[in-house]
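K.L.:
Pasting a structure here, questions to come.
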Amino acid sequence: MTPISAEAPKAGIGSIQLFSLAIGAILGAGWIIGVGQWIGAAGPLGTIIGFAGGAIVLSLIATCYAELGTRYPRTGGEVVYAGELFGVRVAYFTGWFLAITYIAVCAFSTISIGWIVEALIPGFTGPTLYSVLGEPIHWLGLLAGIGALTVVIGISVRGVDMTTRVQDLLLAAMLLASFVFIAAALHEGHVQYIFPLFAMDAKARAWPGVLRVFVTAPFWLSGFAVVSQALGERANITHRRMLIAVFLAAINVACLFYCLVVVATSSVLPREQLLQLSLPAAGAFMNALHSMLLGKLVLLTGLLGLLIALNSVFFSAVRVVYSMGRGRLIPEVFGRQDRTYPRAATLFVASACLLGTILGRGAIVPLVDATSIVLAAIYLMVCVATWRVVHRTTTDTPGASRSVRLLLPIVATGVTCVLAVIALMTPWQESRQVIPPEILLLTVAALLGETFRLWQRRGRAKIEMSDQRR
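For the sequence shown, counting from 1, position 222 maps to 540 in my numbering; every step adds exactly one.
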């Protein structure tokens, strides 16, 4: 069997481009859509605590990614790690759910892009085409999402150099625009609007809201992991300290950005009015500061962020499918390289993203929650894999040094277990349905994955028997 860890052709991705991919995938995950939900669930300080806790957990997990990325710097990331340390079946399901997760994030981004474009051009949304989970889909938002996906596909087929170049430009523009509206809010905002600092539930408890923000942190801060998909296309040898620096910088810069956005948005409008807005981050500036220009700037900033995320995550989704094809976990056609890009893998991911795009806004919350569950499970696999590889390769290391090397993956495994349990319990606690939509989505995905795996294995067995008869 072809090794799962087969490498892609080398390109010239450097440390700055790795950071750009990571921070872009994090910051572009849709904060402009989520900020109202965060403040409504946990309050400003509750949201900051939830994100800070999530950043600490993901920083521990990031050290595990750096350890494995240094040892296995190949295209495929988590698929490679699972295949090297747990075998083909675990590698298959890791790749399967990771691809679904990345595709879900791409769909989230395209749906959100359509939402923002409709807000930028009010009155031109057109008639309702259909509804999903009670949310109408209009032609303007649908076309905007599909158009953004088409642009990203065009960038992707031009190769990794074009992907990273566009990423750098979009990220610089987004950070500049973010600085302008955050500075305006901090200057013109009112401290009293930030109070109360926490949002209380029906039983006057603050912690459920903080926990709600904390448990979705893997979704909002997970972009750092896209770096592991690009290591096979890095021109020079990767060092663990460099990877740790890239990961931690991306996570902590993103966490700081989210906290500043929460404070800025909370300070410009009273809470009751803020939460009534469709897009609080932009609506607050328009209503409270009487500045249509600032409101449009916030929307454009969010649009840039979503394009950045779509560019990063689409790149990663294609690499996951490509690596699975190279390892013959799925049909080998997906592992073929056509000049600057893997054509079959790109077409597959693009088609799946298109299907996700047509679901509209009603799919956003289930997509976020289901993705958080999958990411927590994948993080747990990475932490356990790190412990195994460190334990295996440090048997001759002096006791004190070995204990230090083993401590981080052990701690990371423990906190990730807690995160995974909370992520799995949250949909059951909040859903009014017998079986939450998130659980249904994951169940269907697991059944489809197992069916496809058995079909692929059966087809491969027939080919091998035919070859033996010849």
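Don't be surprised by glycine CBs; every beta carbon is placed ideally from N, CA and C. Here the structure is a predicted model, which is why all the values come from computation and not from measurement.
Is GLY680 close to chain C, meaning its C-beta is less than 8 angstroms from at least one C-beta of that chain?
P.N.:
Absent from the structure is chain C; it holds one protein chain and no more.
K.L.:
Going by C-alpha to C-alpha distance, which of GLY395, SER585, TRP538 and GLY541 sits closest to VAL639?
P.N.:
Here the closest residue by C-alpha is GLY395.
K.L.:
With distances taken Cα to Cα, identify the nearest neighbour of LEU339 among HIS709, ALA491, LEU725 and PHE542.
P.N.:
Looking at the Cα atoms, PHE542 is the closest of the given residues.
K.L.:
I need the DSSP call for SER449, collapsed to helix, strand or coil.
P.N.:
If DSSP states are grouped into helix, strand and coil, SER449 belongs with the strands.
K.L.:
Among the residues of its own chain, which have a CB less than 6 angstroms from the CB of GLY507, if the five just before and after it don't count?
P.N.:
Counting only Cβ-Cβ distances below 6 angstroms, and skipping sequence neighbours, we find SER585 and VAL586.
K.L.:
DSSP three-state label for ILE439, please.
P.N.:
ILE439 falls in the coil class under three-state DSSP.
K.L.:
Apart from the five residues just before and just after ALA600, which ones in its own chain have a Cβ nearer than 6 angstroms to its Cβ?
P.N.:
Hits under 6 angstroms: GLY613, VAL616 and LEU617.
K.L.:
State buried or exposed for ILE334, treating a residue as buried only when at least 16 other CB atoms are found within 10 Å of its CB.
P.N.:
Per the 10 Å Cβ criterion, exposed.
K.L.:
With DSSP as the reference, please indicate the residues paired to PRO649 in a beta bridge.
P.N.:
Answer is none; PRO649 lacks a bridge partner.
K.L.:
May I ask which residues mark the beginning and end of the alpha helix (DSSP H) holding LYS614?
P.N.:
Counting along the chain, the alpha helix (DSSP H) containing LYS614 begins and ends at 610-644.
K.L.:
Assign GLY727 to one of two classes, buried (16 or more other C-beta atoms within 10 Å of its C-beta) or exposed (fewer than that).
P.N.:
Note that residue 727 is Pro in the sequence shown here, rather than Gly. Per the 10 Å Cβ criterion, buried.
K.L.:
Which complete alpha helix (DSSP H) runs does the segment 384-436 hold, if anything under 4 residues is left out?
P.N.:
Runs found: 396-404.
K.L.:
How would you call ILE555, buried or exposed, if buried means at least 16 neighbouring beta carbons within 10 angstroms?
P.N.:
Because the pLDDT at ILE555 is just 48, under 50, the model does not fix this residue reliably, and the value given afterwards should be weighed accordingly. With fewer than 16 other Cβ atoms within 10 Å, it is exposed.
K.L.:
Shortest alpha-carbon distance to LEU672 belongs to which of ARG750, THR734 and LEU460?
P.N.:
Considering only alpha carbons, the answer is LEU460.
K.L.:
Within the continuous alpha helix (DSSP H) that includes ARG558, where are the two ends?
P.N.:
558-585 is the extent of the alpha helix (DSSP H) around ARG558.
K.L.:
Since ILE351 contacts ALA572 with CB under 8 angstroms, what's their CB separation in whole angstroms?
P.N.:
Between ALA572 and ILE351 the Cβ distance is about 16 angstroms, and since that is not below 8 angstroms, they are no contact.
K.L.:
Which value, in whole angstroms, describes the spacing of the CA atoms of GLU590 and ILE562?
P.N.:
Taking the straight line joining both Cα atoms gives about 41 angstroms.
K.L.:
Go ahead and pull the three-state DSSP assignment for ILE676.
P.N.:
In this structure, ILE676 counts as coil in the three-state DSSP scheme.
K.L.:
In this structure, how does DSSP classify PRO514 when only helix, strand and coil are distinguished?
P.N.:
Here PRO514 sits in coil by DSSP.
K.L.:
Suppose you measure from the CA of LEU345 to the CA of GLY623; what does that come to, to the nearest Å?
P.N.:
Cα to Cα, LEU345 sits roughly 6 angstroms from GLY623.
K.L.:
Where does HIS456 sit, in a helix, a strand or coil, going by DSSP?
P.N.:
Residue state, collapsed to three classes: strand.
K.L.:
Name, in chain order, the residues that DSSP records as bridge partners for ASP519.
P.N.:
DSSP, once it has assigned bridges, lists no residue as partnering ASP519.
K.L.:
Give the range of the alpha helix (DSSP H) segment to which ILE691 is assigned.
P.N.:
Unbroken alpha helix (DSSP H) run through ILE691: 682-711.
K.L.:
Here's the rule: buried if 16 or more other CB atoms are within 10 angstroms of the residue's CB, otherwise exposed. What is VAL739?
P.N.:
Counting Cβ neighbours within 10 Å, VAL739 comes out exposed, since fewer than 16 surround it.
K.L.:
Buried or exposed: where does TYR420 fall if 16 or more other Cβ atoms within 10 Å of its Cβ makes it buried?
P.N.:
Under this definition TYR420 is a buried residue.
K.L.:
Just to confirm the assignment, what range does the alpha helix (DSSP H) spanning VAL752 have?
P.N.:
It is not in any alpha helix (DSSP H) - VAL752 carries neither H nor E in the DSSP assignment.
K.L.:
Assuming PHE542 is part of the alpha helix (DSSP H), what are its boundary residues?
P.N.:
Unbroken run through PHE542: none, as it is neither H nor E.
K.L.:
Give me the residue from PHE404, LEU438, THR675 and PHE770 with the minimum Cα distance to ILE455.
P.N.:
When each option's Cα is compared against that of ILE455, the closest is THR675.
K.L.:
Quick test of your reading: THR482 and SER474, contact by CB under 8 angstroms. State the CB separation rounded to the nearest angstrom.
P.N.:
THR482 to SER474, Cβ: 11 angstroms. No contact.
K.L.:
Is the CB-CB distance between VAL353 and PRO598 below 8 angstroms?
P.N.:
Result yes, Cβ atoms of VAL353 and PRO598 sit closer than 8 angstroms.
K.L.:
Do three or more CB pairs link the segment 410-418 to the segment 759-775 at distances below 8 angstroms?
P.N.:
At 8 angstroms Cβ cutoff, the stretches touch.
K.L.:
Output the distance between the C-alpha atoms of THR381 and ARG646, rounded to the nearest integer angstrom.
P.N.:
Rounded to whole angstroms, THR381 to ARG646 spans 29 angstroms at the Cα level.
K.L.:
Could you check if LEU597 belongs to the surroundings of the ligand ADP, using beta carbon to heavy atom distance under 7 angstroms?
P.N.:
This structure does not include the ligand ADP; it has no bound ligands of any sort.
K.L.:
If you draw a straight line from the alpha carbon of ILE835 to that of PHE369, how long is it in whole angstroms?
P.N.:
Past the edges of the chain, shown from 319 to 788, lies residue 835, and the structure says nothing about it.
K.L.:
Thinking PHE516 and LEU363 are a contact (beta carbons under 8 angstroms), I'd like their distance in whole angstroms, please.
P.N.:
So it is a contact: roughly 6 angstroms between Cβ atoms.
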